Structure formats: C-alpha cells, structure tokens
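Asks:
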Amino acid sequence: MHLPAHIDKPPVFGACKRLDIELEMAFFVGPGNQYGEPIPISRAQEHIFGMVLMNDWSARDIQKWEYVPLGPFLSKSLGTTISPWVVTMEALMPFVLPNPVQDPKPLPYLQDKEPYTFDIKLFVAIKGEGMSTPTTICRSNFKPLFLLPQHMYWTMKQQLAHHSINGCNLRPGDLLASGTISGPEPESFGSMLELSWNGTKEIPLGSGQSRKFLQDGDEVILTGCPIAAPKLCQVVLLVWAMRTFDVILGLTRNVNLITMQKMKMNLK
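Under the UniProt record's numbering, think of the first position of the sequence shown as 1, with each following residue one higher.
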C-alpha cells in the first residue's frame, strides 16, 4: 500500500517505491531489571553491554500513507539490520567524551555527570549496479550536541533510565536504538529522505548514476569508526528486488579481518 504521485488520488496496494535507510547505532541490554524496579542512571552503565550499527529500513511511501493518524507501522516492520558483532563498551571507553550541556536541565532521574558519549565517525555509502566502487552519501557522528557539528543530545544511560522509570523490565539481549543520526549539514543527514529533501533532488553517486531512494541491486554500506582508530564496524546491505532482498552483514575489527554473514529476507 502506498500513495500515488498525486495526493488527491486513492492509495494503491503494491510494493514500496521509496525504500530508504536510517543510519542508527544501537546497544544491547546486559543484566536488565526486575519488573517494577527502575534502573537508576547511576547504575545504567552496568546494564549496557555493547553497541552495533543499525539500519531501520523504511518504506517512505507507505509511511506517508499510514502515519496519520496511526504512526509508522508496515512502513517500519519490513526489517531491521544490525552489524553481526557487538562492540563492547569496554572497547569504546577510550573514545568517551563529556556529556552535552542540556538546556533545559533534565529531571533529576536523568541527570548524570559521568562522561558517556562517544566520538564515533559514521558513514553511509551506496554502490549501484554497474558501479565499480561505492559512493559515500552521508558523513555523520555519534558525538554529543555541544561538539559541532551537532548530532546526538541524549545519552544511552539517559535512554535506559527513562525507558525503565515506570518499572518496565529490560531483559538481557533487548536492543535499544538511537534513532536516525543526522547533523546540521546536508552531508550529515542520516536518511535518503533527508538527503534528497523528500525526493525533490537527486543524490549524485557518480558513474552517471544518482538516487532519490534505493533501487534494486543497490548495496548500502554503513561504517563506524572511532576517532583515530581503525575501522571498528561495517555492515553491508544489498537490496535485491523490492519484494525480496539479501542482506550481507560485515564487520571489520581492523583492515585485515572481515567476517561476512548473509541472510535472505522475504518482504512479500
């Protein structure tokens, strides 16, 4: 189901024509908490095991049709992809930064003075069919708001503390994602919806190719790299037709070590 080109016409049932990515990072919960027992922010770090790159696949034409008044549903349920290796928080601590100054001041249960934001450079590249090398379309960062360019505002510890403040129980292996990571500059926008300004302009790829949204056969490469460190994490996504696509997941711990995993997802 998606909207036709003209908004005054009824929706059409069919495959997505505006397939998009969302550049995100996510973390896995470690021990977790009992139902009814919130995790205080002073102990939130004990419950954050490690991080992965994440892509929240998004069908933008379907999303446009269904998000009023219900919000995204089928447009987001088609798939989520993460890198196959979890990078532990211990490995990321050398790249920790002070938390951003938040104004207005958060409520007491969200206040935290211990540094827990990270300077991780993030990239999105696309390699279309017939292209010999991928083209980077997004350069973003997981670092906090006060370090220009602006990207993140809330920390993972605040996210975890807020999620559990009403007593919600988090279990080992639960995954909490950041949401789309976009900065203030056009090249730092973390989705094709933003990069193409809702499909009103082309995203140049070189080799005579450009995109507004993904096409069959496109490879999407998400890369994360802490400042002054080797490539820490990479995930490669291959779009293989609109109804079925192969997702190829790859992680590099350094330049010489690459582990690949492949899975097939049916989007009928």
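Where is the CB? At the ideal position from N, CA and C, for every residue including glycine. Nothing here was measured: the structure is a model prediction, and the numbers come from that model.
1. Report buried or exposed for Gln34, applying the criterion of at least 16 other Cβ atoms within 10 angstroms of its Cβ.
2. Output yes or no for whether 8 Å exceeds the beta carbon distance between Phe123 and Thr136.
3. Here's the rule: buried if 16 or more other CB atoms are within 10 angstroms of the residue's CB, otherwise exposed. What is Asn198?
4. Let me know if Phe73 comes out buried or exposed under the rule of 16 or more other beta-carbons within 10 Å of its beta-carbon.
5. Out of Leu160, Leu78 and Val86, which has the shortest C-alpha to C-alpha gap to Glu37?
6. Pick helix, strand or coil for Leu74, following the three-state DSSP scheme.
7. Is the Cβ-Cβ distance between Ser21 and Met131 less than 8 Å?
8. Indicate whether Val29 and Leu176 have their beta-carbon atoms separated by less than 8 Å.
9. Would you list the residues sitting across from Ile120 in a DSSP beta bridge?
10. Under the rule that 16 or more other beta-carbon atoms within 10 Å means buried, what is Ser42, buried or exposed?
11. What is the DSSP secondary structure of Trp240, reduced to helix, strand or coil?
12. Give the secondary structure of Val101 by DSSP, where H, G and I count as helix, E and B as strand, and everything else as coil.
13. Per DSSP, what are the beta-bridge partners of Gln209 in this structure?
14. Give a yes or no on whether the C-beta atoms belonging to Gly217 and Glu114 are separated by under 8 Å.
15. Assuming the contact rule is C-beta atoms closer than 8 Å, Leu78 and Trp57 should be a hit. Round their C-beta distance to whole Å, please.
16. Return the CA-CA distance between Met25 and Phe142, expressed in angstroms with no decimal places.
17. Terminal residues of the continuous alpha helix (DSSP H) containing Glu194?
18. Alpha carbon to alpha carbon, what distance is there between Glu219 and Phe118?
19. Here's the rule: buried if 16 or more other CB atoms are within 10 angstroms of the residue's CB, otherwise exposed. What is Val87?
20. Spatial neighbours of Phe49 within its chain, please: C-beta separation below 6 Å, excluding the five flanking residues on both sides.
21. Between Gly179 and Ser140, is the Cβ-Cβ spacing less than 8 Å?
22. With DSSP as the reference, label Leu110 as helix, strand or coil.
23. Rounding to the nearest angstrom, what Cα-Cα distance links Ile62 and Val68 in this structure?
Replies: In short:
1. exposed
2. yes
3. exposed
4. exposed
5. Leu160
6. helix
7. One point to set straight first is that residue 21 is Ile, not Ser, in the sequence displayed. Not a contact, by the Cβ cut-off of 8 Å.
8. yes
9. Here Ile120 is bridged, per DSSP, to Pro226.
10. exposed
11. Because Trp240 sits at a pLDDT of 47, beneath the cut-off of 50, its placement in the model cannot be relied upon, and the following sentence gives the value as read from the coordinates. The answer is coil: DSSP assigns Trp240 none of H, G, I, E or B.
12. coil
13. Gly206
14. no
15. 5 Å
16. 8 Å
17. Met192 to Leu195
18. 27 Å
19. buried
20. Phe28 and Gly30
21. no
22. Taken through DSSP and simplified to helix, strand or coil, Leu110 comes out as helix.
23. 11 Å
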